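Residue numbers (the numbering used here), protein chains in the order written: chain A, 10 to 131; chain B, 6 to 527; chain C, 869 to 1378.
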Amino acid sequence: MSELVQVYLPMFLVFAVGAAIVAVFWLGGHYLGPKNPNPEKLQPYECGNDSDGARGVRMSVKFYLTAILFVVFDIEAVFIYPWAVLFKGLGWTGFLTMLAFIAALLVALAYCWKKGALEWES
Amino acid sequence: MPFLESHLLGVIVAAPFLAALALLFVSPTRPGAIRAISLVGALVSLAGSVHVALGYDLARGGLQRAERYPLVPSLGIDLSLAVDGWSVSLLLLTGVIIVTGVLASWTLTDRPRDFFVLLLVLVAGVFGVFVCQDLFVFFLFYEIAVLPMYLLIGIWGSRGKVPAAGPFAFVWRRFDVGGREYAAMKLTLMLLVGSAAILVVILALYSAAGGSTFDLQALARARFPRELQLWAFPLLWLGFGSLAGVFPFHTWSPDGHAAAPTAVSMLHAGVLMKLGAFGVIRVGMLLLPEGASYWAPTVGGVAVINVLYGAICALTQRDLKYVIAYSSVSHMGVVMLGAATLTVDGWNGAIYQMFAHGMMTGLFFALVGLVYDRAHTRWVPSMGGFARQMPWVASFFVLAGLSSLGLPGLAGFVAEFLVFLGAWQSQHYVWALAGVLGAWVTAVYVLRVGRDIFFGEGPRSDEIHHLTDARRSEWGALWVLGACLVVFGSYPRLILDFIHVATLEYLPRAAGAASALLEASR
Amino acid sequence: MNLLFGLSPFLAVGVGALLLMLAEAFGKPNVAPGVETTDAGAGRAGELALGAAVILVIGAVLSVAVWVAGPESLPELTQVAPHLVIDKFTLFFSFTLCVGGALAALLAGGYLPEHGIDRSEFFPLLLLSTVGAMALSAAGDLLTLFVALETMSLGVYSLIGLRRGSPRAAEAALKYFLLGSFAAAIMLFGLALLYGATGHTDLAGIGAAVRSIGSPGSTVSAGKILISLVLVLVGLAFKVSAVPFHQWTPDAYEGAPTPAATYMAVAVKSAAFAVLLRVLLVGFGDERLASWGAGWPPALAVLAVLSMTVANLVAGRQESVKRMLAYSSIAHAGYALVGVVAAMRSPEAVSAVAFYLLAYTVSTAGAFGALILCGSRGAEAVSYEDLAGVGKRHPAAALAFSLFLFSLAGLPPTAGFFGKLYVFRTAIDSGLYTLAILGLVNSVIGAYYYLRVMVYLYMREPAPGAPRAVTMRSGFVATALVAAAIFVLLLGMAPGFTLDMASGAALTAR
């Protein structure tokens, strides 16, 4: 327990000091600053055009699709790396297993392709 | 026909069920064929029951005609059938009631096929309960007998209902009290609560007896620990008692009987309520003798409330079906009273009362159905002077009424006399007095209702010229039931011999436990 | 070879799923001439449903075959243990899951075209999700457990959202996805703690480590074990939708296409119960944790009582039959939890739960199927009013509906009765009288709302002028109903064989 405290205490102190500084400035500004609100001041913009359109930027759904496909097919590397390291020890069983894995990936790729997930223009 | 002879009990149970199956393949537009098949199924069961009764060896007694078909061997569940003296008498009762019930619903026009299918399934369950020697299958049959009631009342029940009255009228209206859907739901839910209690006890007994058999004989030999018996018996009593109309779990019964179509009322009051009482005695008192003798005073006390409360309620009702329904509650109290005495006469009387009341209430409900069918009202004050138009209906009503109030020479007298005798012997003098008082109140309401409907000048006496007496098949129902009341009333040994044999065999177990309890308390 | 045979139920469904996926993508759309479509699966729900059902039935048959051959006589199977533990417990559950999945596929074959949801992805997704569910029931290692759980759930998330353009469906899918991932995260945290505390990812090793607590030289911290137990329980309680982790259930079921709701109610729940039993008995089977005084039994007992009571009380007040069935599935989770609690003392309780879930699967799938049959395009029967008079318009549908409701209510002679009986019997054998009585009382309360459906089916006429749900005609739905009805009656009238099988499932779970 004491070991934990010794290691992490300085860090927590930094956090605490940081939080205290923020609190002091924020509360100080809130209570000490002069406040004269009027309708003009409460408007979001004092000048310029009225805002228009949606708040966020709309992205085409294609980006999400591409991103998720990238993630999905990228994961295979995570599995293939350790397999490659142990390749000799695993023998034919390991080879066939990986073959089955890649076959499943190919099926998935073919499916995506046929379904049109890889086409940008459509 | 050795096969038939050796599987007779199975045939009795299966006949209505097979008839119901056959009905599924008959076109619903041929009511003649539907009725004929139903009647055949019922008659086969009745004939079988009579044959069983004639062939029962009184000198040997005990369980006879044992049949056994394995059902779930891994849990020790067998479909094992056998009859003792009690079963013989109740089989006869059920056979008579179902045949007359089919006759009484001969004129049914609304979906007759579905009606008869459910009716026959129900009665197959009843037969099953009476001959079953395996506790688990006993429960299965019990449920099969109870559940079709929901649809039978809900679909074919009568639309007429009591107008809401009294300080809580708005509550009654809110829940549609008296309506057939209300009655069907109330009945089913209350009986299911009872079933849940029964199931807990059955499983507990099974577990306590080693978890290998549900056989009633084996369980009866198991000698359960006293604590188990003490908590299990009241659960069983209330569980089965909810079907037998034990106070305060009787409230489904008047609503249910009033809403049910004629044949269903006949079966329900005539046979089904007996299933409950039979369950209390056959399962509760025989398997849990110590619990039974410990709780017997309570059972008897509540039964006294049943007798008196039921009779007083019947006295105040103006709806004809409610009068008869409350009289059933009162008479089932007599059954439970007899059972609680734990004496030979009391038990004989209890079983005999099941038999006699079954016949009597069957006749009553058949008559009420007839009157309702003709007059389209069950409201007693709006009837009067019907005897001129339907003299035979009036005569049979008086006959049933006299049996109900215990006139010597009719079946009801034998039963009540034995029960009161048993109460006297068991030194519960109050029970006997209360029972006699109940019989007296019964006399008052039965005679008064009979007078109001059939005699005197009713408010509508000028409108009743269209009323007709019983017709064709209805005669069959009335004569059979009426004859039974007279025959078994004037020569009770016809049935009592069977009952007595079984009582002599079973009572020593329960009474032995009672005397042991007495010893322990000294 | 023996290894392949032992794994054949999993391989059959998995490979079948991939093949079906290709068949869906590379087939010819079956649309009216002149209609342009880029979706190769358009209009082919029928054939794909048939394919999916056949694959799942093969999976079920192979499960039975491996069962008969006896997984203990296939020593090669230890090669995949503990990642996949192929024992009789697993096989019983994979049979249940395949049956539930096949019924859902058949229902979808009739439902999707009828209601204009032309999404043939349904069937490959269903199969892949079923593979996940089967792997979940076999998982003896935390890693497979989590991967299988996610495989199962991801498929279901998309199944729910298939009715595109319906805000209800979008809400349902989002709700289930958010809460499901949340639950999965909580559970993952629990699993991580468990690994940290014991140094094992296999459940047997964890069990041994937990047992070593208190013995000299043990470094396993009881506090961490307890915390991880709580987290895992919470995660799984979400999946079985036990009160108070049930809030998503009615909304998700209501918004989802009915076959997807069916699949969630039967397969997801069964698989979650399988993994719950295995985790508790193998991982936390230590006497000190599996006792009435401390550990998981009292917590689960509370969940069970809450689930039964709350769900039953709320179900009675629903106006939508679909929501009612959703609450009923919550209540059934409660009954099954009673069996799980009893499993702390009686090994037989495991088989009781397994049998119960099989009975529940066929009854629930049947009830949803009958509901599907009661409404055709544009007028899906969802409320009680929609069912008014079906007893006259379509007697067969009403009869089937009644049978399944009887089974759900636990009335003899149906599968549900024996399921409840078996569960409550083991509870009484284990001395849990209060739980058994509460369960039975609750099944009576439940009977009220099941019977209420029958009131409408048989005793009410549709209000004059009200839109009348026309019953649909579909060979697929009818087949599913007949199959489910046969199961319900078979398990109800001759349960001996299945009971024996289920009791075989018990011995190997510990």
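By construction, the Cβ of each residue, glycine as well, lies at the ideal position given by its N, Cα and C atoms. Values in this document were obtained by computation on a predicted structure and should not be read as measured data.
Residues near residue i by beta carbon distance below 8 Å, same chain, minus five either side
i, result
"V1182 (chain C)", "Y1195"
Contact set between residue i and chain B, taken where Cβ atoms lie within less than 7 Å
i, result
"G1364 (chain C)", "V77, P78, S79"
"I1305 (chain C)", "V205"
"M1327 (chain C)", "G159, I160, E186"
Nonlocal neighbours in the same chain, by C-beta distance under 6 Å from residue i, ignoring five residues either side
i, result
"L108 (chain B)", "S478, G481, A482"
"V126 (chain B)", "A25, P153"
"S1197 (chain C)", "A1133"
Sheet register partners of residue i (DSSP bridge)
i, result
"P75 (chain B)", "B:D83"
"L1062 (chain C)", "In DSSP, L1062 (chain C) forms no bridge with anything."
"L952 (chain C)", "C:A1007"
"D220 (chain B)", "B:D139"
Option nearest residue i by Cα separation, candidates the options
i, options, result
"A52 (chain B)", "B:V104, B:L313, B:T473", "B:V104"
"F459 (chain B)", "B:Y511, B:Y147, B:A392", "B:A392"
"I84 (chain A)", "A:W101, A:I111, A:R67", "A:I111"
"V1170 (chain C)", "C:P1112, C:A1222, C:L1145", "C:P1112"
"K1092 (chain C)", "C:Y1063, C:T1069, C:T1117", "C:Y1063"
"L277 (chain B)", "B:A227, B:D139, B:P294, B:F132", "B:F132"
"G909 (chain C)", "A:F104, A:G125, A:W129", "A:G125"
"M359 (chain B)", "B:P413, B:L272, B:A399, B:G374", "B:L272"
"L886 (chain C)", "C:G914, C:R912, C:I923, C:L875", "C:I923"
"Y61 (chain B)", "B:L86, B:V93, B:I82, B:T34", "B:V93"
"Q322 (chain B)", "B:T447, B:I310, B:A361, B:E510", "B:T447"
Within chain C, the residues that residue i reaches when beta carbons sit closer than 7 Å
i, result
"K123 (chain A)", "A893, F894, A908"
"E232 (chain B)", "None at all; the shortest Cβ gap to chain C is about 12 Å."
"L98 (chain B)", "None at all; the shortest Cβ gap to chain C is about 24 Å."
"A47 (chain B)", "Those within 7 Å of A47 (chain B) in chain C number zero; the least Cβ separation is about 22 Å."
"A58 (chain B)", "Per Cβ cutoff of 7 Å: no residues; A58 (chain B) is ~29 Å from chain C at best."
Residue i (DSSP reduced to helix, strand or coil)
i, result
"A1377 (chain C)", "Legend: pLDDT at A1377 (chain C) = 44, less than 50; position of this residue unreliable, no value from coordinates given."
"V31 (chain B)", "coil"
"V1108 (chain C)", "coil"
"L438 (chain B)", "helix"
"A319 (chain B)", "helix"
"A1402 (chain C)", "Summary: the structure shown does not reach residue 1402 (chain C), with chain C confined to residues 869 through 1378, and so no result is reported for it."
"L342 (chain B)", "helix"
"W384 (chain B)", "strand"
"Q1115 (chain C)", "coil"
"G1163 (chain C)", "strand"
"R1185 (chain C)", "coil"
"R912 (chain C)", "coil"
"R1261 (chain C)", "helix"
"V88 (chain B)", "strand"
"R70 (chain B)", "strand"
"F137 (chain B)", "A quick correction: the sequence has Cys, not Phe, at residue 137 (chain B). Strand at C137 (chain B)."
"A265 (chain B)", "coil"
Cross-chain neighbours of residue i in chain A, by beta carbon under 7 Å
i, result
"L1056 (chain C)", "Near L1056 (chain C) there are no residues of chain A at all, since even the closest Cβ is about 17 Å away, more than 7 Å."
"M1380 (chain C)", "Because chain C in this structure spans residues 869 to 1378, residue 1380 (chain C) falls outside the shown range and cannot be described."
"L886 (chain C)", "A113, V116"
Neighbour list for residue i in chain D, Cβ cutoff strictly below 8 Å
i, result
"L1367 (chain C)", "In summary, chain D is missing from the structure at hand, where the protein chains are A, B and C."
Partner residues on chain C for residue i, Cβ-Cβ distance less than 8 Å
i, result
"S212 (chain B)", "R1293, I1296, D1297"
9 Å Cβ cut-off: residues of chain B touching residue i
i, result
"A1315 (chain C)", "T193, L194, L197"
"S832 (chain C)", "Any answer about residue 832 (chain C) is impossible in this case: the structure gives chain C only from 869 up to 1378."
Cutoff 7 Å; reference residue i; Cβ partners in own chain excluding five residues on either side
i, result
"L9 (chain B)", "V16"
"A28 (chain A)", "none"
"Y1301 (chain C)", "none"
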